[in-house]
């Protein structure tokens, strides 16, 4: 019996400094309305969807970009409309919890209830401007403390990762082993010669190696002088691209997927039960950074 679900990635164009959260949420609402018109059941917005990608430089005025509530108050109009339409929503934002700062994503279910949150584990960049770095997330955020978790919605069992997490195969494996049908990954990624190819490579590999669906969703375009890649895409359990963004602006891509497409892939490859964890000890041991 088929298990059809309509899913969407709501790619966003640049959010330049000085743009209010209300303006941003208006753009998010416009994308949501398109999704509702297409009968989407699950929509994913990017990492740091409410603000500019401020970790691109060293600065002291970063507190302005953080939210003190979960869900953020600014998202109330978006989440209310999603609840009315029965759409599950994923959004990335900057979270302040007491004195702690996290790069966070939330998921609400089709009833508008908070299904869960995830705090980004793998933070890119260096805490000082020594050496090469385009981003300085380590300076502003702490390593996430939620671990990888899977959240049930009517649409599917959903796992969450954020940006740099997508480059670690352990991310997809941990979520897949918990029964994730779909992994949602928001990102802000500076343009470089291979960035688009590498982005698609890891999203497709994560989907294929775990026989699940992956939705990658970008904040894209030239934001305060920094060019960010687009490339938002929806990937199937054989690593096939089912939908892909064509622009670097606000753009909705959607796909009607059958969760049962995972079944033949998992029967054929059976990646999980054929593992040999007794030989993987090195994967869980800390290592010193290479010079």
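In this note's numbering, the protein residues as written are 3 to 293.
Yeah, the Cβ is synthetic: ideal placement off N, Cα and C, and Gly gets one too.
Residue 55 - partner residues in DSSP beta bridges | Beta-bridge pairing links residue 55 to no other residue.
Kindly identify the DSSP beta-bridge partner or partners of residue 6.
-> In the DSSP output, where bridge partners are listed per residue, residue 6 has 260.
Over what stretch of residues does the beta strand (DSSP E) that includes residue 321 continue unbroken?
-> Nothing can be reported for residue 321, as the shown portion of the chain is limited to 3 through 293.
Nearest candidate by alpha-carbon position, reference residue 233, set 17, 196 and 210 = With distances taken between Cα atoms, residue 233 lies closest to 196.
Taking Cβ to Cβ, would you say residue 38 is nearer than 8 Å to residue 89?
-> Cβ atoms of residue 38 and residue 89: closer than 8 Å.
Compute the beta-carbon to beta-carbon distance between residue 186 and residue 160, rounded to the nearest angstrom, for a pair I have assumed lies under 8 Å.
-> That pair is a contact at about 6 Å.
Beta-carbon contacts of residue 118 that lie in its chain and below 7 Å, excluding the five residues immediately before and after = Excluding sequence neighbours, residue 118 sits near 109, 151 and 153.
Cβ distance (whole Å) where residue 58 is taken to contact residue 137 below 8 Å | Contact check for residue 58 and residue 137: beta-carbon distance about 6 Å, within the 8 Å limit, so the pair qualifies.
Exposed or buried, which one is residue 66 when buried takes at least 16 other CB atoms within 10 Å?
-> Its Cβ having fewer than 16 others within 10 Å, residue 66 is exposed.
Three-state secondary structure assigned by DSSP to residue 18 = The answer is coil: DSSP assigns residue 18 none of H, G, I, E or B.
Residues bridged to residue 121 by DSSP?
-> Bridge pairing for residue 121: 106 [DSSP].
Looking at C-alpha atoms only, which residue of 148, 73 and 116 is the closest neighbour of residue 123?
-> Comparing Cα positions, the closest option is 148.
What is the DSSP secondary structure of residue 231, reduced to helix, strand or coil?
-> Note: residue 231 maps to coil in three-state DSSP.
C-alpha distance - residue 226 paired with residue 53, whole-angstrom precision = Whole-angstrom Cα-Cα distance: 12 Å.
CB-CB under 6 Å to residue 247, same chain, minus the five flanking residues each way: which ones, in chain order?
-> These residues qualify, in order along the chain: 13, 232, 234, 253 and 255.
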